[in-house]
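>
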Amino acid sequence: MTNPDRVMQVLKYAFVVSGLLFVVVAYKIPLQGHHSPGMVFETILVLMALSSVIAGFFAPPRLFSIMSRTQQSKTATPLGQWMSANILSLACFEACTLSGFALHAMGGRTRIVGFLFATGIIATILWRPSSAPVTAQSDVH
0 MTNPDRVMQV LKYAFVVSGL LFVVVAYKIP LQGHHSPGMV FETILVLMAL SSVIAGFFAP
60 PRLFSIMSRT QQSKTATPLG QWMSANILSL ACFEACTLSG FALHAMGGRT RIVGFLFATG
120 IIATILWRPS SAPVTAQSDV H
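Residue numbers (numbering that gives the first Met the number 0): 0 to 140.
#1: Do GLY106 and HIS34 have their C-beta atoms closer together than 8 Å?
#2: Taking the continuous alpha helix (DSSP H) assigned at LEU30, which residues delimit it?
#3: Tell whether a beta-carbon distance below 8 Å holds between ALA58 and SER98.
#4: Confirm, please, whether the CB-CB distance from LEU115 to CYS95 is below 8 Å.
#5: Drop a sphere of 10 angstroms on the beta-carbon of ALA104, count the other beta-carbons inside from all chains shown, and report buried for 16 or more, exposed for fewer.
The following block contains the structure:
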């Protein structure tokens, strides 16, 4: 019997490892004379990454409740909706880490790149998924 909550915990830590691998790869790739992107571009990228982190914490629970009420979701199982909403959270946190990777590749300032890496990874670690739907836990074998 597979426990959906356990599956989500494994996915969560797989995303943490993925973020750490982005950090390792980023700092193994030498920059070849890239000019730093402008401060405006860096600021926009940081704001987008931070909004992604905020969305990772707050949007999926709302999305899950909306999906539960819509007519289209009648064909989807509560477990599938729960899993989709939680994976969306993890993807939002990974987007922040990827923003750091992209900024590093463009020659961004190390302090900002490190901030984005740390924010994405720490958000993933701090995030706690909601419990799987009760009906879903009994349906999974």
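Idealized CB from N, CA, C, for every residue including glycine. Computed from a prediction, not measured in an experiment: that's the story for all the values here.
Reading from the atomic positions:
#1: yes
#2: Neither: LEU30 is in no alpha helix (DSSP H) and is coded neither H nor E.
#3: no
#4: yes
#5: exposed
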